[in-house]
Each structure stands twice: as C-alpha cells, then as structure tokens.
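Residue numbers (UniProt numbering): 1 to 446.
Notes follow once the structure below has been shown.
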C-alpha cells in the first residue's frame, strides 16, 4: 500500500475540519425555527398574575338568630383566610404599562401582583373588566418602557396554520405549547359570557394559561387564551384579538363595556309559527316585538319578520341570536338578513347603547317592576311591582332584595339591569331573592 503524501493528508484533514466547523453552526441555525424566534421575541411581554384575597368565614350558626349567632361565634375560627388565584397576561402597551388578561383571572378581587419573565414584580390596578367578554385591562404601578407584544389580525387567520400559546399553567412560568388553528368562529359560553367567534386550537391550554397570548408564527398576538373544553384533550379556545381590540377601547375609556341592543325581541321558530308564516324550516328567530326609537325600528324591522342571518352567519334560533348580539360592542355594526312574506331583506344597523333610564323603562314595561340601589349592602331593592305583571305573578313584593340573576352577582341596581338584560332573550332566568332574613331562588319566565 502506497503511503499518502504528508502534504495531501494535511490538506484532507484541514478540509474535513473546515467542513465540520461550517456544519455545526448550520445545524444550530436550522434549529432556530420561526417558533423559536417568535417565543424569544414575545416571552418578555408575557406576565404571571397572582391575585391574593381575604375572606372572613361566617359563624356557621344554622339558627338565623342574632343572639344565637353571637353565642356560637366563639366556636368558629374567625381569622381571615387568604386565597390566591393564578393566571397569565400579556403587555399590550409598554409605555403605559397596560396588561391584557381574562376577567375571571382577577374576578376574586384583592391585591394583584404581576411578575415579568426577568423577575421584576409590580403591583397592578384594575383599569376595567367585562365578565361577558371575559377580558380585563390592568395598569402596572411605577412601571414604564416595558416590552410589549405586536398586535396581529385575527380576521386573517387560516385553519391549519401554526399557533403558539404562552402562559403559566399550574404556576410554571413562560410555558410554551404549539399547535394549529383547528376551527374558527366557535360559539361557546364560558365564565358567564357568550361569544360567537372563538378560535379553537389544539395547542395545550391548561389552568393558569388563561389570559396568556395566542400567537401566529410571526409572533403577533391573534388571541387571548381563555377556556378548555371540559373533559376533552387537545381542545382549547382563545378570544380573537380583533374582538378584544373593541373591548379594550371601551375598558380604557370607561372601565366597562356598555350594554347594547337593537331594540327587538323574538322567539324560536316552532312548527306553529312555520305554518302560520309559511316558512320552509325552523331556522332563525321570529321577531315578536320592536321598540320605537331603536335601531330595529329605524331599519323598518317588523313583528313577524324572521331573522335568518347575523353578520353573514346563519342563525339557528333565538339563543344563537343572543350569543351573536353580545359578541358585538357599541363601535361595531350589525348586518341582518330577514325574511318577510317570502322576500329577503338586507339590513345594516348600528347598535344602541342601553342607558340606565332606558333600561329601567324596559324592565318596568316588560317585566313589571322597578328597582333602586340600596344605600347599604349589595343587591338592588324592588320598589314597585305592577299588578298582573310577570313580577307580580312570580310573587315579588316591594322591599324584596335581588342579589343574583343567572350566575351574575349584583352590587347595585345597574348591575341587576345589565344582568337582567343580558338574559332577556332566554325563556326563563333564575333569581336569588332576599325577603327579610330568608333567601329564595325563583325562576322568572321572560
């Protein structure tokens, strides 16, 4: 065997080493995928939210008597108990130190602490929240020039595109999961809210992820993670960011989302209605009432019209109408398609803000009672009951105190009005009523 000349061997070894050195960084570069780049860019703006609240336990006395309550008070631990809830959020304005999260993350009240990825921790004040949209905006105290996420466009999402969820599931900070957009416009009720346009994804969204960002492959915010389908794996939901933008604007302006309506009431299309109005199927919502001076009246909607679609999507029934209506804010418009005497009519409406005076009128005229705030304590007091009304038939009396409607607790009369009107398209609504020292749960037919 002929020996290899030293010069040739040296050249071969030199080329081999150079190729290896060139290959190593290439492999590292290959691993820096768009997902890695997006996570590196956005992680500093994802925050961990801790809400600490105190609750003082009751006496535990079953007697409902002040003297016995006082006697048994010493047998029960009266020390305040602290509870903590965890969630996620994302900085949407670094200069103003604003954080977007879910309303249910901070719903327990108490002190809000926000921790950034770099370890800095800030106290936070609640700017505003809305339980129906399940969104809240926080402002960090003594913070400025923070990293912020880039806003995306949720209207341009593709089914099947890669998405990234970042949050703090079970307290594990800055946990990253990936998946794809599984579906769009998923109607779903959660945390007391009704949405008509959830983003569905198979990226893992676990407890503690709520309020964290859902990102596209470019690291742009396209949704706020909010819910997991109960007893299901691989199904998570996020509020589209384009919807959230409208809510954010209202929360920054007034601290709450103004209740809106179009000025009409309706019912499901049953077999009798289908025969009477000569309808081919039971889809849509049959209009039963139109209030004067409202957007529906101005658009010439009439009792007997059937609403077939809402903003381009076919309506199944009146519950579907309610879900879609309460996914609209005052700054958005509504496009309806109605059916009248066999002809379809296309309508463009601007929602009307339901102010307190209008709401009080509506409650009295439709349900037959009047309300007032209580000078002391939560809830709203019934001041008048109209004879023969739904409230009178239910047995409501002057002086009754209403504490809850559906799953919404009430702190004042306007809270009750908002809750009542949120449920106004339902067949019935459950109410928690106090009369004297006794509490009752009653069902009012709407």
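Positions of the beta carbon are idealized from the N, C-alpha and C atoms, including for glycine.
If only uninterrupted beta strand (DSSP E) runs of at least 3 residues are considered, those enclosed by the region 122-163 are 135-140. Taking 9 Å as the cut-off, the beta carbon of residue 352 is found closer than this to the beta carbon of residue 262. Contiguous beta strand (DSSP E) elements confined to the UniProt domain "PDZ" (368-410) occur at 369-373, 380-385, 401-405, taking only those with 3 or more residues. Here the region 210-221 does not lie against the region 258-273, with fewer than 3 beta-carbon pairs under 8 Å apart.
The residues 295, 333, in chain order, have a CB closer than 7 Å to that of residue 350 in the same chain once the five nearest residues on each side in sequence are set aside. Bridge partners of residue 306 according to DSSP: 286, 339. If you ignore the 5 residues before and after residue 85, its C-beta comes within less than 6 Å of the C-beta of 51, 108, all in its own chain and listed in chain order. Annotation for residue 240: the continuous beta strand (DSSP E) segment containing it runs 236-240. By a beta-carbon distance limit of 8 Å, residue 146 does not contact residue 138. Their separation comes to about 12 Å.
Annotation for residue 42: the continuous alpha helix (DSSP H) segment containing it runs 34-42. For residue 258, there is no enclosing alpha helix (DSSP H), as DSSP marks it with neither H nor E. The residues 86, 87, 88, 167, 168, 169, 170, 171, 172, in chain order, have a CB closer than 8 Å to that of residue 208 in the same chain once the five nearest residues on each side in sequence are set aside.
In this structure residue 251 does not touch residue 90 by the C-beta definition: roughly 15 Å separates them, more than the 8 Å allowed.
Comparing alpha carbon positions, the residue from 394, 283, 304 closest to residue 290 is 304. Looking at the DSSP output, residue 440 sits in a beta bridge with 433. In the displayed model, residue 299 falls within coil according to three-state DSSP, outside both helix and strand. Three or more Cβ pairs closer than 8 Å define a contact, and the region 240-251 falls short of that threshold against the region 108-125. Of the other Cβ atoms in all chains shown, 16 or more fall within 10 Å of the Cβ of residue 404; this residue is therefore buried.
Per DSSP, residue 118 has no beta bridge partner at all.
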